[in-house]
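Just so you know, we're using the working numbering here: the sequence shown kicks off at 6 and counts up by one. To keep things clear, I will list the structure first and then write my remarks on it.
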Amino acid sequence: MQPFFIPLLMLGMVGWMFYAQRKQQKNRAESLSQIQKGDEIVTIGGLYGIVDEIDDKKVVLDIDGIYLTFDRSAIRNRVAKGATTPKQPVDTAVIESKDEE
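Structure (structure tokens):
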């Protein structure tokens with residue numbers, strides 16, 4: 006019985022891997038189909054942007070007033086609303102130098 010156990014175990018592991026991959030692809034396709042104009046997303050290159058236009062093949066991102074066109078498959082995921090940190094003004098200190106004459 007043991008000679009059949011190892012191949013059966015390997016077959017089960019391969020089947021489980023295919024199942025997990027198919028489930029992951031299904032979840033990704035579902036999340037990509039829910040993206041709409043105004044959503045903040047992250048590309049596979051790590052670029053954050055807001056969706057300005059989207060169709061079946063392309064997405065146009067607004068990144069601080071610069072519009073970039075990407076293939077829809079370049080979207081890694083959607084950023085959860087409220088997950089971004091609010092922009093805060095940067096304090097700039099002016100250093101005055103005294104010229105000694």
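Every residue, glycine too, gets a C-beta built ideally from N, C-alpha and C.
Taking just the CA atoms, how far does Val64 sit from Gln39?
Counting from one through the sequence shown, the residue named residue 39 turns up at place 34. Counting from one through the sequence shown, the residue named residue 64 turns up at place 59. Approximately 13 Å, taken between the alpha carbons.
When you compare only the Cα positions, how much space is there between Asp61 and Arg77?
Taking the sequence shown and counting its residues from 1, one reaches residue 61 at position 56. Taking the sequence shown and counting its residues from 1, one reaches residue 77 at position 72. Using only the alpha carbons, I get a separation of about 7 Å.
Which of the three DSSP states, helix, strand or coil, is assigned to Val19?
Here the question's residue 19 lines up with position 14 in the sequence shown. Correct three-state label for Val19: helix.
Out of Val47, Glu58 and Ile55, state which residue places its alpha-carbon closest to the alpha-carbon of Ala79.
As a working note, residue 79 is residue 74 in the sequence shown. Of the candidates Val47, Glu58 and Ile55, the one whose C-alpha sits nearest the C-alpha of Ala79 is Val47.
Leaving out five residues before and five after Asn82 in sequence, what residues of the same chain have Cβ atoms less than 8 Å from its Cβ?
For the purposes of this step, residue 82 is identified with residue 77 of the sequence shown, where counting begins at 1. Here the set comprises Ser36, Ile46 and Val47.
Got a sec, what are the start and stop residues for the beta strand (DSSP E) Arg81 sits in?
Locating residue 81 in the sequence shown gives position 76, counting from the first residue. Taken as a continuous stretch (DSSP letters only), the beta strand (DSSP E) holding Arg81 covers Ile80 to Arg83.
Quick one: measure Cβ to Cβ for Gln41 and Ile59, integer angstroms, because I've assumed they're closer than 8 Å.
Position 36 of the sequence shown holds residue 41. Position 54 of the sequence shown holds residue 59. About 7 Å separates the beta carbon of Gln41 from that of Ile59, a gap short enough to meet the 8 Å contact definition.
Give me the DSSP bridge partner(s) of Lys63.
Residue mapping note: residue 63 aligns to position 58 of the sequence shown, counting from 1. Lys63 pairs with Asp76.
Sort out for me which residues DSSP pairs Tyr53 with in a bridge.
Here residue 53 corresponds to residue number 48 of the sequence shown, with the count starting at 1. Partner(s): Val47.
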